[in-house]
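Asker: Numbering (this note's numbering), first residue to last: 4 to 346. Heads up, the beta-carbon is just placed ideally off N, CA and C, and yes, glycines get one too.
Here it is, written out as structure tokens:
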């Protein structure tokens with residue numbers, strides 16, 4: 004059996020609605036107010052239940068009241084609070100931090116976590132954050148070229164022999180005589196996950212550099228996954244890389260329950276009308292059809308069937324947003340009755 008991992012997306016923002024309004028964010032539609040103890044306990048519960056990794060998104064002001072925990076600070080704190088679960092960024096925005104500093108930060112976190120870091124990187128997309136924090140928002144191609152250079156620079160720093168400096172002369176980033184000591188614990192380095200969907204540039208970048216490709220929920224249907232993975236494999240042939248070196252991950256929402264009323268309540272919270280209009284091309288698609296097509300939802304048996312469909316396309320990592328959080332019933336049922344079928 005192919006090794007399959009089940010992983011936990013950390014609620015770093017609250018998304019529950021104000022009275023009489025739609026949810027602030029679909030990822031956490033039941034989380035009423037951001038609270039550190041609540042977020043922390045969710046990660047500790049995931050570790051206790053046997054989830055393989057905890058992933059934090061890299062945004063700055065999503066969710067209710069624009070409150071959100073900064074990704075790297077959070078991962079550093081979790082490294083000290085956990086023992087076994089891997090820790091990852093899903094995904095760091097390349098423009099928010101200098102890549103040489105990211106290499107140093109990542110090496111340090113890999114050391115203090117005893118080799119539990121998975122480094123997710125992306126080109127960035129959320130323009131309001133760029134504007135609010137006074138970062139330059141470049142066109143999509145330029146952001147991707149900057150990401151390409153960043154990954155090459157990070158790998159150069161990580162690959163430097165102990166005691167020797169590294170240099171890198173790119174068009175966008177340069178280092179000269181930079182040290183990254185101590186280096187990462189993992190050999191040859193922490194796995195690099197790259198998120199993105201564009202077939203001509205982004206997925207070619209995945210083929211060149213990534214250990215893991217991550218797709219968001221709206222590119223996570225079995226049909227789309229099969230197509231995108233095929234594109235990556237074609238790019239691997241072009242760049243001369245073995246496609247078996249790349250792992251594929253699905254990032255999306257999970258409702259696991261045997262209670263029909265709970266299922267309908269959570270579904271109604273997560274998929275308001277404007278959600279359907281904004282993201283789904285088919286105007287006449289129903290809420291139930293959206294759930295079945297895009298998400299992992301329903302009874303444990305239905306969840307397992309949705310997972311199996313994605314495994315058949317090549318996916319081996321499942322990064323789950325549990326919609327009922329801060330309740331843990333869905334996560335516990337998933338761990339008890341779904342995960343053992345694949346482990």
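Determine, using beta-carbon pairs with one atom in the region 125-140 and one in the region 173-191, whether at least three such pairs fall under 8 Å.
Answerer: At 8 Å Cβ cutoff, the stretches do not touch.
Asker: Would you please state the rounded distance, in angstroms, between the beta carbons of residue 31 and residue 20? I believe it to be under 8 Å.
Answerer: Start at 1 with the first residue of the chain shown, and residue 31 comes out as number 28. Start at 1 with the first residue of the chain shown, and residue 20 comes out as number 17. Their Cβ separation, rounded to whole angstroms, is 11 Å, which puts residue 31 and residue 20 out of contact at 8 Å.
Asker: Please identify the residue among 324, 339, 341 whose C-alpha is closest to the C-alpha of residue 34.
Answerer: Within the chain shown, the letter at position 31 stands for residue 34. Ranking 324, 339, 341 by Cα distance to residue 34 puts 324 first.
Asker: Buried or exposed: residue 344, going by 16 or more other Cβ atoms within 10 Å of its Cβ?
Answerer: Here residue 344 refers to the residue found at position 341 when the chain shown is read from its first residue. So residue 344 ends up on the exposed side.
Asker: Which of the three DSSP states is assigned to residue 64 in this structure?
Answerer: Mapped onto the chain shown, residue 64 falls at position 61. Of the three classes helix, strand and coil, the one that applies to residue 64 here is coil, per DSSP.
Asker: Cutting at 8 Å between CB atoms, please list the residues of its own chain near residue 322, excluding the five before and the five after it.
Answerer: Along the chain shown, read from residue 1 onward, the residue named residue 322 stands at position 319. 10, 11, 12, 56, 58, 93, 217, 252, 253, 254, 255, listed in sequence order.
Asker: What residue range does the beta strand (DSSP E) around residue 256 cover?
Answerer: Here the question's residue 256 lines up with position 253 in the chain shown. Start and end: 250-259.
Asker: One question on the structure: do residue 104 and residue 82 come within less than 8 Å of each other, judged by their Cβ atoms?
Answerer: For this step, residue 104 is matched to residue 101 along the chain shown. For this step, residue 82 is matched to residue 79 along the chain shown. Their beta carbons are not under 8 Å apart, which means residue 104 does not touch residue 82 by this criterion.
Asker: In its own chain, which residues sit with a C-beta less than 7 Å from the C-beta of residue 202, not counting the 5 before and 5 after it?
Answerer: As a working mapping, residue 202 is identified with position 199 in the chain shown. Taken in chain order, the residues that qualify are 234.
Asker: Starting from the N-terminal side, write out each stretch of the beta strand (DSSP E) that is 3 residues or longer and does not extend beyond the region 101-181.
Answerer: Correct list: 120-125, 169-172, 177-181.
Asker: Under 7 Å: does the beta carbon of residue 184 sit that close to some heavy atom of the ligand NAD?
Answerer: You won't find the ligand NAD in this model; it holds no ligand whatsoever.
Asker: Between the Cα of residue 131 and the Cα atoms of 90, 274, 62, 223, which residue gives the shortest distance?
Answerer: The count along the chain shown starts at 1 and reaches residue 131 at position 128. For residue 131, the nearest C-alpha among the options comes from 62.
Asker: Out of 289, 319, 96, which one is the CA nearest neighbour of residue 248?
Answerer: Walking along the chain shown from the start, residue 248 turns up at place 245. The candidate whose alpha carbon is nearest that of residue 248 is 319.
Asker: Any chance you could list the beta strand (DSSP E) runs of at least 3 consecutive residues sitting entirely within the region 192-220, in chain order?
Answerer: Runs of the beta strand (DSSP E) inside the region 192-220: 195-198, 215-218.
Asker: In whole angstroms, what separates the C-alpha of residue 297 from that of residue 114?
Answerer: The residue you call residue 297 lines up with position 294 of the chain shown. The residue you call residue 114 lines up with position 111 of the chain shown. Using only the alpha carbons, I get a separation of about 37 Å.
Asker: Excluding five sequence neighbours on each side, which residues of the same chain lie with their C-beta closer than 8 Å to the C-beta of residue 8?
Answerer: Taking the chain shown and counting its residues from 1, the one referred to as residue 8 is at position 5. Closer than 8 Å at Cβ, skipping near neighbours: 55, 56, 319, 320, 321.
Asker: Measuring only the C-alpha atoms, how far is residue 289 from residue 187?
Answerer: One-based indexing of the chain shown puts residue 289 at position 286. One-based indexing of the chain shown puts residue 187 at position 184. Approximately 48 Å between the Cα atoms of the pair.
Asker: Give me the Cα-Cα distance between residue 18 and residue 327, rounded to the nearest whole angstrom.
Answerer: Position 15 of the chain shown holds residue 18. Position 324 of the chain shown holds residue 327. When rounded, the distance between both Cα atoms is 11 Å.
Asker: What is the DSSP secondary structure of residue 289, reduced to helix, strand or coil?
Answerer: Residue numbering aside, residue 289 sits at position 286 when the chain shown is read from its first letter. Of the three classes helix, strand and coil, the one that applies to residue 289 here is coil, per DSSP.
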